[in-house]
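**Student:** Here the sequence shown stands for residues 41 to 736, where the numbers follow the numbering used here. Quick one: the structure is below, questions incoming.
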Amino acid sequence: MAADKPLVHQGAAWRLRVAIDAPLAANFDYLAPPDTSPTDIGLRVVVPFGSGRRVGLIMAVLSLEGTADPDAPCIEQLKAAEAILRDLPPLPTDWVNLCLFAASYYQAAPGEALLQAIPTGLRKPDPTKRRMPKSVAKNVPARGEGPALTTCQQSVLTELFGRLAGYSANLLFGITGSGKTEVYLRLIEAMLAQNQQVLLLVPEINLTPLLEARVAQRFPDIPVVSLHSEVTEAARARHFAAALSGEARIVIGTRLAVFTPMPALGLIIVDEEHDPAYKQLEGMRYHARDLAVWRAHQRGVPILLGSATPSPESWANVQSGRYRRLDLPERAHAEAVLPEINLLDTRRLTLDEGLSAQLLGELAQGLAAGEQSLLFINRRGYAPVLTCTACGWISNCRRCAAHRVVHRQDRTLRCHHCGDTSPIPRQCPDCGNADLRPLGRGTQRVEEALQAHFPQARILRVDRDVATTRKQWEALEAQIRSQDVDILVGTQMLAKGHDFPALTRVGVVGADAGLFAADWRAPERLFAQLMQVAGRAGRADRPGRVIVQTEHPDHALYQCLLRHDVPAFLDLELTERQRAGFPPYAAQAIVRAEAKYLDTVLTFLQGIRELVPMTEHPDVFIYDPVPMRMVRLAGRERAQLLVESPSRLALQTFLNDWLPRIGQRKTEGKPMAQRTTRGHASGGVRWAVEVDPLEC
Numbered sequence: 041m042a043a044d045k046p047l048v049h050q051g052a053a054w055r056l057r058v059a060i061d062a063p064l065a066a067n068f069d070y071l072a073p074p075d076t077s078p079t080d081i082g083l084r085v086v087v088p089f090g091s092g093r094r095v096g097l098i099m100a101v102l103s104l105e106g107t108a109d110p111d112a113p114c115i116e117q118l119k120a121a122e123a124i125l126r127d128l129p130p131l132p133t134d135w136v137n138l139c140l141f142a143a144s145y146y147q148a149a150p151g152e153a154l155l156q157a158i159p160t161g162l163r164k165p166d167p168t169k170r171r172m173p174k175s176v177a178k179n180v181p182a183r184g185e186g187p188a189l190t191t192c193q194q195s196v197l198t199e200l201f202g203r204l205a206g207y208s209a210n211l212l213f214g215i216t217g218s219g220k221t222e223v224y225l226r227l228i229e230a231m232l233a234q235n236q237q238v239l240l241l242v243p244e245i246n247l248t249p250l251l252e253a254r255v256a257q258r259f260p261d262i263p264v265v266s267l268h269s270e271v272t273e274a275a276r277a278r279h280f281a282a283a284l285s286g287e288a289r290i291v292i293g294t295r296l297a298v299f300t301p302m303p304a305l306g307l308i309i310v311d312e313e314h315d316p317a318y319k320q321l322e323g324m325r326y327h328a329r330d331l332a333v334w335r336a337h338q339r340g341v342p343i344l345l346g347s348a349t350p351s352p353e354s355w356a357n358v359q360s361g362r363y364r365r366l367d368l369p370e371r372a373h374a375e376a377v378l379p380e381i382n383l384l385d386t387r388r389l390t391l392d393e394g395l396s397a398q399l400l401g402e403l404a405q406g407l408a409a410g411e412q413s414l415l416f417i418n419r420r421g422y423a424p425v426l427t428c429t430a431c432g433w434i435s436n437c438r439r440c441a442a443h444r445v446v447h448r449q450d451r452t453l454r455c456h457h458c459g460d461t462s463p464i465p466r467q468c469p470d471c472g473n474a475d476l477r478p479l480g481r482g483t484q485r486v487e488e489a490l491q492a493h494f495p496q497a498r499i500l501r502v503d504r505d506v507a508t509t510r511k512q513w514e515a516l517e518a519q520i521r522s523q524d525v526d527i528l529v530g531t532q533m534l535a536k537g538h539d540f541p542a543l544t545r546v547g548v549v550g551a552d553a554g555l556f557a558a559d560w561r562a563p564e565r566l567f568a569q570l571m572q573v574a575g576r577a578g579r580a581d582r583p584g585r586v587i588v589q590t591e592h593p594d595h596a597l598y599q600c601l602l603r604h605d606v607p608a609f610l611d612l613e614l615t616e617r618q619r620a621g622f623p624p625y626a627a628q629a630i631v632r633a634e635a636k637y638l639d640t641v642l643t644f645l646q647g648i649r650e651l652v653p654m655t656e657h658p659d660v661f662i663y664d665p666v667p668m669r670m671v672r673l674a675g676r677e678r679a680q681l682l683v684e685s686p687s688r689l690a691l692q693t694f695l696n697d698w699l700p701r702i703g704q705r706k707t708e709g710k711p712m713a714q715r716t717t718r719g720h721a722s723g724g725v726r727w728a729v730e731v732d733p734l735e736c
């Protein structure tokens, strides 16, 4: 597609085809600078775009004369590129192909996928200081020797060492505390000995510090870089450059790190592969785990997916033979065993702020023994809602179809969806009644109750309100490890990936809400959370105990939890999904739209539903448009349209036919060649498509 406003550029022998970060399925042609050569493909270039300037990626260097391309624009129509940026090597072809595959599968614009995979600091036309990237600092701690391997670890490694020569997809199913990280480190050591790079993905930032420390201790002479949102812009650019040049041998990062260019990539590891945090929820909505598997296949290298609670999708891939399953059924510590799990039926019990006398007794025993305990409640704040006892007013969000949560410490009502905040009223806004009461409980309220029961105990709350940055989390983690804490109160931040040797007791409050949620994936997430949080107890030489308060102790999910039987739960979950025709036995895509009024959104979705005759795609079914579960968010009304097919190929074929028609529709009949996967429509509608959604 030619850029508008012609500009003559004398002396240019080439034109550049440039990918731009824009929601259009097209590249843009520019007159090349005089220093251009055909080898500049994969370099960044500064170009005029619209009324501003952007950094794009050179996809092709084409001759200005003698071209047989019928779509080639006239020279007079082309603007001139400003400058080719040569501070980095060209981005390699395999990296470009990875981004283009992601754009194709997840129905995003190619330019968006390519440019958003590059750190922000490398996408600025005028960086504050253009310079060659610094060398990556090498780790300096003394080299640590790995612990002796268990028989199970040795068996797993023996099998994996035989599968390192080419592509293989391996699911490491290891119970909590079984030493999966040690397996990762031994594999990394083997790949480094072959002078290859390793990509290690983790789902969340707060899991990176301990892992980085272990990697640094084991490989003190090896350049290691981190890539996640809390790395500064300048450091992220340096780390990206170090990986691209091959200087960095180990890359540790969250989901976006799956796009890190690594010329000598030899192994990909995805820790906690089941975690929904690997799914990007804005822009191109990719799943990093699935892209990592595709990338391993593309490069012909092995991939290891690790989890104590594998996702049903990965379990189905094991059953179909696509993945090889490897088990670590025993804890790595010689004297550690799986914790004893107890289901406490609370239907006939009197609870004090949600806490039973039996659970409080367990915490008291932990205090007496000088051991740490964890109380898990996956809801932050003081209480989910504030209500008036006289007229029934409740603290609804002014902009969302949700309640504002009571936060007692700063005396605010806060929406956890849009951030709308106001002071806690002294009296009811509707009737003036001064008797306002919090309903339900969150971490703050449970913390307050425990302080009343155990005034001598050192109680620490860990949630997103007190650990908003990595530094804050590291300070809290140090406090826990130094055993300056007796009782932890926390959310899912504490549920996975952490090893606290003194922690022996875990209590779970309020888990039943996940049993009957509208989201059909809720049981999977609840089971994974409970198995993970239970795994925090008894990881060293002290036995662990887990107490789960529930009104449904006979539920199949809790019975699998009681037996630590992950395979039974996954088989049950897959059986139910197969009967219902849910993923992984069907492929799904969803179009979400929002506007000021719900009728406008539903009318738009109904209109696009009818754009393609379904007789042309008999294997695809489009459901009726419906309001989303949270119909209003940040003042906008929302609805969705679900598309489903038993065939992934049939779904992709339909989307490739359908989405261009949506783009043409929004121009009210004017010609439009570009496929758009998000955009605007009449009535102030904003819409976007997501492939393989985690929430429907």
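C-beta atoms are modelled at their ideal positions from N, C-alpha and C, and glycine is treated no differently.
#1: State the Cα-Cα distance for the pair P73 and P303, rounded to the nearest angstrom.
#2: Please report how far the alpha carbon of P243 lies from the alpha carbon of E312, in whole angstroms.
#3: Should R466 go down as buried or exposed, given a rule of 16 or more other Cβ atoms within 10 Å for buried?
#4: Measuring CB atoms only, is the stretch 329-342 touching the stretch 122-141, in the sense that at least three cross pairs come out at less than 8 Å?
#5: Only counting runs of 3 or more residues, tell me where the beta strand (DSSP E) segments fall wholly within the stretch 264-301, in order along the chain.
#6: Bridge partners of V86, per DSSP?
#7: Please identify the residue among E273, K319, E185 and R295 whose C-alpha is closest to the C-alpha of P260.
#8: Among V223, V341 and P165, whose alpha-carbon lies nearest the alpha-carbon of Q234?
#9: Can you give me the start and stop residues for the alpha helix (DSSP H) that Y598 sits inside?
#10: Would you give the residue range spanned by the beta strand (DSSP E) that A629 belongs to?
#11: What first and last residue would you give for the alpha helix (DSSP H) that runs through L200?
#12: Let me check one thing: in DSSP terms, what residues is H443 bridge-paired to?
#13: Here's the rule: buried if 16 or more other CB atoms are within 10 angstroms of the residue's CB, otherwise exposed. What is M571?
#14: Which word fits H720, buried or exposed, when buried means at least 16 other C-beta atoms lie within 10 angstroms of its C-beta?
#15: DSSP state of S103, grouped into three classes?
#16: Counting only the same chain and skipping the five closest in sequence on each side, list residues whose C-beta sits under 7 Å from that of A356.
#17: Leaving aside the five residues before and after G480 along the sequence, list all residues of the same chain whose C-beta is less than 6 Å from its C-beta, in chain order.
#18: Cβ of I417 within 7 Å of Cβ of V588?
#19: Here's the rule I'm using: 16 or more other beta-carbon atoms within 10 Å means buried, otherwise exposed. How should G724 be labelled?
#20: So what's N235 in DSSP terms, helix, strand or just coil?
#21: Would a C-beta distance cut-off of 7 Å place V83 and I98 closer than the cut-off?
#22: Under the assumption that L131 contacts P301 (Cβ atoms under 8 Å), give the Cβ distance between them as a whole number of angstroms.
#23: Is the stretch 659-670 touching the stretch 638-650, taking contact as three or more C-beta pairs under 8 Å?
#24: Using three-state DSSP, classify K319 as helix, strand or coil.
#25: Taking the alpha helix (DSSP H) that V136 falls in, what are its first and last residues?
#26: Tell me, to the nearest whole angstrom, how far the beta carbon of L383 is from that of P593; I am working on the premise that it is less than 8 Å.
#27: Are the beta-carbon atoms belonging to L155 and D61 less than 7 Å from one another?
#28: So does K636 have its beta carbon nearer than 6 Å to some heavy atom of the ligand ZN?
#29: Look at the Cβ atom of L321, then the Cβ atom of V238, and state whether they are nearer than 7 Å.
#30: Starting from the C-beta of A553, find all residues in its chain whose C-beta is less than 6 Å away, skip the five residues before and the five after it, and write them out in chain order.
#31: Where are the beta strand (DSSP E) runs, 3 residues long or more, that stay fully inside the stretch 323-401, in chain order?
#32: Tell me A721's beta-bridge partners as DSSP assigns them.
#33: With DSSP run on the structure shown, which of helix, strand or coil describes V731?
#34: Is it right to say M670 is buried, meaning 16 or more other beta carbons lie within 10 angstroms of its own, or is it exposed?
#35: When DSSP labels each residue in this structure, what does A713 get in the three-state scheme?
#36: Should T461 go down as buried or exposed, given a rule of 16 or more other Cβ atoms within 10 Å for buried?
**Tutor:** Once the coordinates are examined:
#1: 28 Å
#2: 7 Å
#3: exposed
#4: yes
#5: 264-267 and 290-293
#6: V95 and A123
#7: E185
#8: V341
#9: A596 to L602
#10: A627 to A635
#11: T191 to F201
#12: N436
#13: buried
#14: exposed
#15: strand
#16: L614 and P624
#17: A423 and P424
#18: no
#19: exposed
#20: coil
#21: The sequence given here places Leu at residue 83; Val does not occur at that position. Contact: yes.
#22: 6 Å
#23: yes
#24: strand
#25: T133 to Y145
#26: 4 Å
#27: yes
#28: As for the ligand ZN, it is missing from this structure, which has no ligand bound.
#29: no
#30: none
#31: 342-347, 364-368 and 380-385
#32: V725
#33: strand
#34: exposed
#35: Any reading at A713 must be qualified, since the residue scores a pLDDT of 40, below 50, and its modelled position is unreliable; no value is offered.
#36: exposed
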